[in-house]
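Enquirer: Numbering (the working numbering), first residue to last: 1303 to 1716.
#1: Quick check: residue 1522 and residue 1498, are their CB atoms within less than 8 Å of each other?
#2: Run the CB neighbour count on residue 1515, radius 10 Å, all protein chains shown included, and call it buried at 16 or more, exposed below.
#3: Using alpha carbons as the reference points, say which of 1621, 1707, 1689, 1660 lies closest to residue 1674.
#4: Three-state secondary structure (DSSP) at residue 1667?
#5: With distance defined between alpha-carbon atoms, name the residue in 1678, 1453, 1487 nearest to residue 1444.
#6: May I ask you to report which of helix, strand or coil DSSP gives residue 1315?
#7: Keeping to the same chain, check which residues put their C-beta closer than 6 Å to that of residue 1350; ignore five residues upstream and five downstream.
#8: In this structure, how does DSSP classify residue 1339 when only helix, strand and coil are distinguished?
#9: Measuring alpha carbon to alpha carbon, tell me which residue in 1473, 1571, 1510 is nearest residue 1546.
#10: Where does residue 1598 fall in DSSP's three states?
#11: Hey, would you say residue 1397 sits closer than 8 Å to residue 1709, going by beta carbons?
#12: How many angstroms separate the CA atom of residue 1570 from the CA atom of residue 1714?
#13: Could you check the C-alpha separation between residue 1542 and residue 1388 for me, to the nearest Å?
#14: Excluding the 5 residues preceding and the 5 following residue 1585 in the sequence, name in chain order all residues of the same chain whose CB lies nearer than 7 Å to its CB.
#15: Is residue 1471 closer than 8 Å to residue 1524 when the C-beta atoms are compared?
#16: Is the separation between the beta-carbon of residue 1645 and that of residue 1417 shorter than 8 Å?
#17: Which value, in whole angstroms, describes the spacing of the CA atoms of residue 1451 and residue 1457?
#18: Who does residue 1610 pair with in a DSSP beta bridge?
#19: What is the DSSP secondary structure of residue 1444, counted as helix, strand or coil?
#20: Straight-line CA distance for residue 1588 to residue 1601?
#21: Any chance you could list the beta strand (DSSP E) runs of at least 3 consecutive residues sitting entirely within the region 1400 to 1458, in chain order?
#22: Nearest-angstrom Cα distance between residue 1347 and residue 1625?
#23: Do residue 1385 and residue 1698 count as a contact pair if the criterion is CB distance below 8 Å?
#24: Is the distance from the Cβ of residue 1572 to the Cβ of residue 1343 below 8 Å?
#25: Measure the Cβ-Cβ separation of residue 1495 and residue 1476 and say whether it is below 8 Å.
#26: Would you call residue 1647 buried or exposed, if buried means 16 or more other Cβ atoms sit within 10 Å of its Cβ?
#27: Who pairs with residue 1526 in a beta bridge, going by DSSP?
#28: At what residues does the beta strand (DSSP E) containing residue 1358 begin and finish?
#29: Please report the Cβ distance between residue 1447 and residue 1489, rounded to the nearest whole angstrom; I am assuming they are in contact, meaning their Cβ atoms lie under 8 Å.
#30: Do residue 1374 and residue 1415 have their C-beta atoms closer together than 8 Å?
#31: Can you check DSSP and say which residues form a bridge with residue 1251?
#32: Checking the sheet assignment: what are the DSSP bridge partners for residue 1589?
#33: Can you name the residues that DSSP bridges to residue 1662?
#34: For residue 1518 and residue 1684, I'd like the C-alpha separation in whole angstroms.
#35: Would a C-beta distance cut-off of 8 Å place residue 1467 and residue 1370 closer than the cut-off?
#36: Rounded to whole angstroms, what is the Cα-Cα separation between residue 1539 and residue 1703?
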């Protein structure tokens, strides 16, 4: 029964990537969630007060007065230019269209304990290309990698207006990898799926005075083994195929200041989040397959580096029920130029600007937001010198990412 419930929640959240997947720094997608937070650059750690706290900071569940629900949808549209097959021969990907839903609920059990449950895609990578390879053969080259989380959690109200929250994370990872002739991509054809049940996210929130809120959160890494009974690798059918994907640890800090509550005669709030991703926990992944007792191992190298993500935002309220928002996201360099990928953010920093607005009325609110993200890098043949053999890595060339996103959410408090 428990696994059936988990699978049902995963099916709701796994609408992400049905037409491709988002292009992230590492696997984390830096422009999620929700509309009310993305209008402010995604800053939420210090003040999140709805069931999306299970993604941002589970301590935020303690703001629930009785029963709360949130429904959110993100539509990501993006394109990437890379050199997937030959040095200095750039190819533009097909347009990626990826829906990312979030569903959540929270319930106050008593005056010191609140429980919540949420389901959402948390990370991804991927793109689709069609090009002529070095031999002049029309080639289809595509990857769709999706991480979906289902997270129940608890939050505790402590003395001194301190809130402590913890979320348990069940993670489903799916990989679809296809490469080869357009009509029959069998150079690589893998469809792998797996679950892990060892994830944890914990957080704190503290308000020392009216109008000032602080938060901190930590996500521990998960290693998820995914598998299939058979696959095609290097144009040959293989037996059971497995690999493991790591969603790395992440540490975050946030603050929100409501200037009018602090004595400044302006209906303005300023927010800021800083997150540090331990992306170096991804150094390589090994694909293992066995046919008739003969093992095959293929190393895919990443050699990523740790990086900061910074999220400042400003909210202006011309009317109490009508917040207007603007934000920015600076996402640090994660990828390694020695091992570039055609299916993710170019190996450089990326930049995002966001706009948003909301309408709040008694027990419900609606929010909308928009984001524009871009990043670019140049990989030279000198950058590739000394690299290990990496069949999944791309080549020297100019890389560019362009992404737009639209966000809508609705929440109800009872």
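Ideal placement from N, C-alpha and C gives every residue a C-beta, glycine not left out. Model, not experiment: these values are computed from the prediction.
Expert: This is what the structure gives:
#1: no
#2: buried
#3: 1707
#4: strand
#5: 1487
#6: The predicted model places residue 1315 with a pLDDT of 49, which falls under 50 and marks its position as unreliable, so this point remains unresolved.
#7: 1358, 1359, 1362
#8: helix
#9: 1473
#10: strand
#11: no
#12: 24 Å
#13: 31 Å
#14: 1604, 1605
#15: yes
#16: no
#17: 18 Å
#18: 1578
#19: strand
#20: 5 Å
#21: 1415 to 1434
#22: 19 Å
#23: yes
#24: no
#25: yes
#26: buried
#27: 1547
#28: It is not in any beta strand (DSSP E) - residue 1358 instead sits in the alpha helix (DSSP H) that spans 1355 to 1358.
#29: Actually they do not touch by this definition, with Cβ atoms about 18 Å apart.
#30: no
#31: Here the chain has residues from 1303 to 1716 only, and residue 1251 is not among them.
#32: 1600
#33: 1667
#34: 41 Å
#35: no
#36: 34 Å
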